[in-house]
Ligand SMILES: [Zn+2]
Ligand SMILES: [Zn+2]
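Numbering (our numbering), first residue to last: 7 to 104.
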């Protein structure tokens, strides 16, 4: 007759309060983690790349995934502003912790 009382304590407690979007990440100014595959330099939002040879537009290439807003050219490789090495654009992105 005590068994049913014990089983109540084994019911899993689901803590699903709140919406998944309620988490704000004020500590991280950049939602994307980007770094040079060669020297690990991390560009900031204020850094600019030059479309050259091209339309000479200056913009942050990581905000457009390597596409020049001036002439819509896709830059498949991105030069590092620090070590000047060219790397594949997708290699710059640090894929999240798994
Ligand atoms: Zn570099
Ligand atoms: Zn361009």
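Note that the Cβ used here is the ideal one computed from N, Cα and C, for glycine as well.
Closer than 7 Å to some heavy atom of ligand 1: that describes the Cβ of residue 86. Closest option to residue 51, judged by alpha-carbon separation, among 83, 41 and 94: 41. A residue is called buried once 16 or more other Cβ atoms fall within 10 Å of its Cβ, and residue 67 is buried on that count.
Taking the CA atoms as reference points, residue 99 sits about 23 Å from residue 76.
For ligand 2, a non-hydrogen atom lies closer than 7 Å to the CB of residue 63. A distance criterion of 7 Å places the beta-carbon of residue 76 in contact range of ligand 2, judged by its closest non-hydrogen atom.
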